[in-house]
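Residue numbers (UniProt numbering): 1 to 477.
See structure below.
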Amino acid sequence: MTISIALRPSLSSYTCARCLLRQASNSNARSLSTAVSRQPRKAKSSYTFHHRLTLEPTPKGPTWQDYAARASRRSYSNQKKSLSCANLQLAKLTHRRLISLSGQDAPKFLQGLTTNNVDPKTTTAWYSAFLDARGRMMWDTFIYPHTAPNSADWSCYIEVDATEAENLLKHLKRHKLRSKIQIGFVDEGEMGVWAAWTDQAFADANTSLTGVPRELPEGDFTVCSMVAYDFRAPGFGWRLLLRGAQVPGGLSEFLHLNPLTTVVELRSYHLRRYIYGVPEGPIEMPPASALPMESNVDVMHGIDFRKGCYVGQELTIRTKHTGVVRKRILPVQLYQGSEQLPADLEMGNYNSEWSLSTTATHSDNNYIPSGMDIKQLDEDGTVKRGRAAGKFLVGIGNVGLALCRLEMMTDMKVSAEGGGGRPGMQFGIKYSAADGESASQDGQEVRVKAIVPPWLRKREMELRQKPTSKRVEWAEN
């Protein structure tokens with residue numbers, strides 16, 4: 001017996017949305033038979049879901065590898081390259097020196113001494129630091145991994161301040177023990193360190209965190225050994241290792257291919273660092289005295305808080321998880337009481353010939369003695385006595401770097417109780433005959449304005465964000 005009836009589409013709980021639409025569009029009647037089928041019953045097919053739910057892991061704080069991946073698919077290469085960018089400026093970093101490290105145990109050896117993670121598979125240069133056993137700064141470095149000729153072992157160049165290169169070499173040899181590594185200086189005539197940047201990179205850095213161009217154009221730049229992005233600050237530029245020590249012999253072809261490229265003095269590089277708020281070297285990071293997080297090593301992607309043990313890790317990781325960073329190195333602008341209070345630092349908002357008096361003389365890098373206390377001014381504009389709000393480190397003209405108490409000299413809040421800073425507070429430095437370079441500066445005062453760069457404020461907030469812990473409920477048996 002066969003009965004023909006019209007059935008509505010079945011709304012099974014396991015039917016997906018696409019199948020429901022297909023059933024709704026079919027309005028033809030269906031036949032239902034009670035006769036026994038002669039065909040064997042087929043096994044029930046598995047359900048098919050046409051739409052899958054993609055689950056993404058909880059985002060973590062960005063690391064230097066994340067910024068490297070955003071900026072370029074390949075940060076540097078041993079192949080020939082050309083930085084054919086408009087208004088490219090080059091500066092030879094004569095204050096930096098290279099140390100060669102290679103050998104079978106080189107990655108493991110370096111992993112236990114530096115603050116950043118050492119991955120043998122990484123081909124991207126990175127920023128790192130060496131600490132002492134107390135967690136104090138010793139040397140800030142750049143590490144350039146490369147393939148040594150006629151050798152399959154991992155090798156790298158370690159860039160450090162020239163005045164501390166001998167001390168770093170002794171430090172490496174002291175920890176060598178039985179490690180299968182080779183350590184030595186790179187001859188200055190063989191390879192030198194250069195910095196490159198563009199004006200557009202600085203302009204982009206003021207509006208976003210992607211100031212560095214995305215890719216380096218390929219070209220026939222035979223004198224360049226390595227090109228690496230400088231990730232300490234967004235849009236800061238590149239780091240280059242160039243063969244040879246002489247500019248005419250090494251860069252003549254490069255300058256001919258790029259007529260808008262100019263070689264500038266080292267002073268321009270330092271001025272750019274001060275405006276960005278990027279400290280470097282033993283004067284700004286005193287060895288065995290400065291703390292890495294107060295020296296901005298963490299916000300400059302120089303510390304990996306997820307790596308294993310290394311020299312000085314205890315204090316650093318404890319400060320990260322339980323402590324508060326109350327002081328940081330910030331760019332400062334100097335001005336006198338008769339001058340208008342500066343609002344912000346820009347590339348053109350400085351005076352390289354600025355001084356306290358017309359008779360004062362100063363060197364290229366620092367004419368105000370490093371380490372002078374920055375204190376609050378009273379209502380009359382004179383420097384108060386008491387606790388210092390910061391220390392002046394180094395400067396050019398009216399721009400410099402200083403170690404500042406954040407909650408006192410800026411509007412940043414790093415603790416729940418807050419600091420003693422109030423809107424409208426002004427700070428300054430008072431000379432004495434023993435501190436100044438000439439007796440004519442005795443008793444003179446200079447005012448200091450600390451400025452927090454947008455990139456530093458953003459990265460500092462990212463580091464202070466701690467992951468929310470899940471509540472664990474114990475079930476009673």
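Just so it is clear, CB atoms sit at the ideal spot from N, CA and C, and this is done for glycine as well.
With 16 other Cβ atoms within 10 Å as the buried cut-off, status of residue i
i, result
"H301", "buried"
"F130", "buried"
"L341", "exposed"
"K121", "exposed"
"R459", "buried"
"E294", "buried"
"R328", "buried"
"G381", "exposed"
"A416", "exposed"
"C404", "buried"
"H321", "exposed"
"S392", "Before going on, a small fix: residue 392 reads as Phe here, not Ser. Buried, because 16 or more other Cβ atoms sit within 10 Å of the Cβ of F392."
"T198", "buried"
"A402", "buried"
Residue i vs residue j beta-carbon contact at 9 Å
i, j, result
"Y431", "N398", "no"
"W126", "I143", "yes"
"K180", "Q104", "yes"
"L242", "S268", "no"
is_contact[residue i, chain B] using C-beta, thresh 9 Å
i, result
"L315", "The structure shown contains no chain B, having only a single protein chain."
Inter-residue spacing [alpha-carbon to alpha-carbon] between residue i and residue j
i, j, result
"R178", "R387", "49 Å"
"P149", "M408", "53 Å"
"V160", "R385", "38 Å"
"Q123", "V264", "According to the sequence as given, residue 123 is Thr; it is not Gln. So the alpha carbons of these two residues sit roughly 29 Å apart."
"G337", "E379", "12 Å"
"A106", "L113", "11 Å"
"I275", "I183", "35 Å"
"A165", "I99", "8 Å"
"R306", "M461", "18 Å"
"H175", "L168", "11 Å"
"residue 546", "R96", "The chain is shown from 1 up to 477; residue 546 falls before or after that span and cannot be answered."
"L291", "H171", "19 Å"
"N296", "R422", "24 Å"
DSSP state of residue i mapped onto helix, strand, coil
i, result
"I275", "helix"
"S102", "strand"
"Y335", "strand"
"A129", "strand"
"L393", "strand"
"M191", "strand"
"S155", "strand"
"F202", "The pLDDT assigned to F202 is 42, lower than 50, so where the model puts this residue is not dependable, and the model offers no usable value."
"L93", "coil"
"M408", "helix"
First and last residue of the uninterrupted alpha helix (DSSP H) at residue i
i, result
"M412", "That residue, M412, is in no alpha helix (DSSP H); it is neither H nor E in DSSP."
"R422", "Counting along the chain, R422 falls outside any alpha helix (DSSP H), and DSSP gives it neither H nor E."
Unbroken beta strand (DSSP E) run spanning residue i, endpoints
i, result
"residue 478", "Only positions 1 to 477 of the chain appear in this structure, which leaves residue 478 out of reach."
"R243", "W238 to R243"
"Q313", "From DSSP, Q313 is part of no beta strand (DSSP E) but of the alpha helix (DSSP H) over Q313 to H321."
"L113", "Taken as a continuous stretch (DSSP letters only), L113 belongs to no beta strand (DSSP E), as it is neither H nor E."
"R447", "E445 to A450"
"D232", "Per the sequence presented here, residue 232 reads as Arg, with Asp not at that position. No beta strand (DSSP E) holds R232; DSSP gives it neither H nor E."
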